[in-house]
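Shown next, in structure tokens, is the structure this report addresses.
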Amino acid sequence: MNVKITLPDGSVKEFQEGVKGIEIAQSISEGLARNALAIEVNGEIWDLSRPIAKDSSIKIFTWNDKGGKYAFWHSSAHLLAEALEILYPGVKFGIGPPIENGFYYDVDLGGKTFGDDDLAAVEKKMIELARLNNAFVRSDVPKKDAIDYFKKKGDEYKLELIEGLQDGSITFYQQGNFVDLCRGPHIPTTGPIKAVKLLNVAGAYWRGDEKNKMLTRIYGITFPKQKELEEYMYIVEEAKKRDHRKLGKELELFAFSEKVGMGLPLWLPKGTIVRERLEQFMRKAQVKAGYDPVVTPHIGSKQLYVTSGHYEKYGKDSFQPIHTPDENEEFLLKPMNCPHHCEIYKVKPRSYKDLPIRYAEFGTVYRYEQSGELHGLTRVRGFTQDDAHIFCRPDQVKAEFIAVIDLVLHVFKSLGFGNYTAQVSLRDPENKQKYIGGDELWDKAEREIQEAADERGLKTVAVKGEAAFYGPKLDFMVRDALGRSWQLGTIQVDYQLPQRFELEYVGADNQRHIPVMIHRAPFGSLERFVAVLIEHCAGNFPLWLAPEQFAVLPISEKFNAYAKSVVAKLKEIDIRGFLDDRDEKIGRKIRDAEIKKVPFMLIVGEKEVAENKVSVRKHGEGDKGSLDLMDFVNQFKADFSLPV
RNA sequence: GCUGUUGUAGCUCAGGGGUAGAGCACUUCCUUGGUAAGGAAGAGGUCGAGGGUUCAAUUCCCUUCAACAGCUCCA
């Protein structure tokens with residue numbers, strides 16, 4: 034019997050039944066066979082040594098394919114486990130999957146500590162084992178035998194995993210003396226794993242549950258060539274240079290103080306300029322989009338949050354109430370702005386003709402985040418949202434939602450964020466008690482969000498369990514320099530709070546109706562947005578945001594007076610900058626301005642004074658020749674001001 | 001919050017049971033220099049905080065605070 038194998042280019046080849054991936058690769062070319070790591074068979078990734086019994090479409094995976102890398106790293110995880118079992122007899126294993134960059138294995142070392150120093154020894158053992166070029170051998174195992182094996186071995190984690198599996202679907206993989214419960218696939222042998230780097234050790238809860246035991250998670254990455262490992266480590270180092278915490282310190286944008294308290298950022302003068310420019314940009318965009326700015330206090334009575342439901346949900350895990358001399362009085366630091374905005378809505382009766390009403394506020398909120406969560410400016414305990422709440426009629430929801438999507442996309446476009454992902458954050462249907470409100474309204478809100486996103490042609494990923502407790506969200510996620518994903522913009526449809534706050538409007542039918550509320554924050558928070566922006570542009574802000582747009586550098590003291598007049602003229606037309614009149618050589622002044630990432634250096638000496646010009650040098654680009662000051666300004670005028 | 005690592009000058013870091021060191025930054029002086037570091041001198045530290053061991057602790061031990069990595073969480 035022959036089987037028909039369809040290749041990715043659409044061509045069909047016939048092989049004998051039971052043909053293996055590696056044989057197909059060999060039939061195509063020697064080179065492919067040499068580089069092949071795994072095979073995709075009808076959408077499933079298989080080992081190259083697994084026989085193919087029926088007509089199939091296949092694709093051979095090499096290192097250049099994601100599937101190939103995953104098989105490679107998955108196999109590397111097993112190699113790590115094999116090394117650990119030799120070096121730490123009695124070690125128990127949790128799970129060891131491939132991840133985006135490398136792999137990890139969760140292990141229970143039975144109370145032994147394992148630090149960064151121990152990584153090198155394990156690495157060495159892994160390389161030693163890889164050189165043995167042992168095959169990864171797959172075998173089908175009846176559930177009973179699988180249980181017996183791990184019972185005998187005494188690995189309760191694997192036993193727990195097996196219990197959740199169907200009999201008949203259990204496979205083992207073995208390389209050398211190491212046997213693991215595993216679905217596969219794996220690369221043919223350990224040989225191709227040439228370069229090994231164990232990156233770090235961290236704790237991780239068994240099965241991701243805080244109530245379970247914490248295992249030791251060892252992260253690593255491997256490559257088929259030493260050179261590729263070196264390149265990877267170089268890229269990681271480069272990414273670290275973009276870290277907003279590092280740049281924030283170097284460029285004097287923000288700081289933290291132990292005395293003020295953890296997670297409470299202090300905005301330094303330069304950071305404040307960036308932040309305020311972003312605010313100006315957003316204010317302008319919001320005026321255009323029909324928002325009304327409002328201002329509300331930083332605290333609110335406890336009753337406000339009992340009404341909103343926040344107190345019940347977060348009260349005990351939050352900053353605790355503020356007390357006053359009046360025994361019965363309690364205030365909370367505001368964790369969000371919506372309740373205040375609801376009360377603004379309520380100051381007078383509303384007609385259907387008034388809607389939509391859009392209240393916008395740069396509202397500073399305080400949330401008691403777990404100490405281990407705090408991270409630079411991306412996760413803080415006091416931050417300012419570019420918040421707004423739209424109160425509208427049910428028939429206006431979609432149009433309003435779409436208008437907000439457009440605003441978010443305008444922001445991303447203006448700041449050059451090209452690679453964001455749009456995530457529809459839905460409720461976890463298994464865990465409904467986490468949320469307030471009935472099924473009908475939730476379903477409606479979830480549907481409306483998806484429809485609005487589709488209408489704007491957004492590619493979305495739906496994720497269950499990520500909704501806010503009062504409603505589903507459309508979240509815009511952007512990655513930081515180290516590949517960690519952060520939520521920036523967010524848009525949420527909410528049918529719950531208007532009910533809780535008894536918001537109303539009088540309809541055309543002269544009846545009372547409940548409005549729908551849309552929460553939205555295109556930046557998310559100024560703190561997180563600035564953090565991601567810093568990493569995005571590596572501290573080289575667009576000209577309109579740069580804290581210092583120019584530096585005037587006189588060649589010597591003799592030209593300080595002229596330099597001062599240049600600074601004064603630019604400041605007069607709201608261009609920001611400073612004079613470097615230190616007693617240093619021009620080379621030094623240029624170097625320092627370059628390090629500070631000042632976009633323009635205006636160098637003035639004898640020649641410039643005589644011709645009434647400035648010599649323009651652009652950050653990272655070098656000398657641009659000399660120009661009349663006003664010609665310089667006009668040339669870059671559009672870049673100095675807020676984007677439209 | 002949990003596990004692990006770290007904490008020495010403004011910054012980046014070295015050191016180590018006998019009360020500290022480098023480079024950069026800073027101050028002063030010399031130098032007036034044309035597109036990424038001119039020279040010299042000086043000043044600067046309860047070695048994160050609290051306790052313990054010791055004749056003696058910044059160094060060893062404990063506790064605590066903070067930062068970092070990951071987990072968990074995220075209105």
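Residue numbers (my numbering): 34 to 677. Quick reminder that beta carbons are idealized off the backbone N, C-alpha and C, glycines included.
query	result
Segment contact flag, the region 249-259 with the region 481-494, C-beta cutoff 8 Å, min 3 pairs	no
Contact check, Ile-438 vs Ala-495, beta carbons under 8 Å	no
Segment contact, 8 Å Cβ cut-off, at least three pairs: the region 159-166 with the region 127-137	no
Per DSSP, the bridge partner or partners of Gly-610	Phe-583
Local conformation of Met-510 per DSSP, three classes	strand
Buried versus exposed, by CB contacts within 10 Å (16 or more), Met-295	exposed
Neighbourhood of Phe-211 by C-beta, 7 Å cutoff - its chain only, sequence neighbours within 5 removed	His-111, Ala-114, Glu-115 and Glu-118
Nearest residue (CA-CA) to Met-550, options Ser-384, Cys-425 and Gln-353	Cys-425
Ile-128 burial status per 10 Å Cβ neighbour count (16 or more: buried)	buried
Ordered list of beta strand (DSSP E) runs contained in the region 213-243, each at least 3 residues	228-238
Same chain, Cβ closer than 7 Å to Ser-290, five either side skipped, listed in chain order	Leu-299
Contacts around Asn-544, its chain only, beta-carbon distance under 6 Å, and the 5 residues preceding and following it disregarded	Residue identity check: residue 544 is Gln in the sequence provided, not Asn. Contacts found: none.
Limits of the beta strand (DSSP E) - the one that Lys-37 falls within	35-39
Beta-carbon proximity of Phe-673 to Trp-519, cut-off 8 Å	no
Endpoints, the alpha helix (DSSP H) within which Gly-304 is located	302-321
With 16 other Cβ atoms within 10 Å as the buried cut-off, status of Pro-632	buried
Bounding residues of the beta strand (DSSP E) (the contiguous stretch that carries Ser-458)	453-459
Alpha helix (DSSP H) segment containing Phe-434, residue limits	430-447
Among Lys-497, Glu-73 and Glu-56, nearest to Arg-67 - alpha-carbon criterion	Glu-56
C-beta contact flag for Gln-466 and Glu-499 at 8 Å	no
Span separating the alpha-carbon of Leu-388 from that of Gly-540	10 Å
3 or more residues per run - each beta strand (DSSP E) lying fully within the region 91-178	135-141 and 170-173
8 Å Cβ cutoff met for Val-615 and Lys-622	The question names Val, yet the displayed sequence has Arg at residue 615. Contact flag set, yes.
Residue range of the alpha helix (DSSP H) that includes Met-663	662-673
Under 8 Å between C-beta atoms of Leu-675 and Gln-313	yes
The region 207-221 in contact with the region 231-244 per 3-pair CB rule at 8 Å	no
Three-state secondary structure (DSSP) of Thr-340	helix
8 Å contact criterion, which Ala-554 and Asp-420 should meet: CB distance rounded	5 Å
His-277 burial status per 10 Å Cβ neighbour count (16 or more: buried)	buried
Status (buried if at least 16 other CB within 10 Å, exposed otherwise) for Gly-449	exposed
Rounded separation between Leu-337 and Phe-287 - CA only	33 Å
Buried/exposed call for Arg-480, threshold 16 Cβ in 10 Å	exposed
Alpha-carbon spacing of Thr-95 relative to Thr-397, whole angstroms	50 Å
Three-state class that DSSP yields for Glu-654 in the structure shown	coil
6 Å CB neighbourhood of Pro-41 in its chain, flanking five on each side removed	Lys-92
Terminal residues of the beta strand (DSSP E) in which Tyr-678 lies	Absent from the model: residue 678. The displayed extent of the chain is 34 to 677, so no value can be given.
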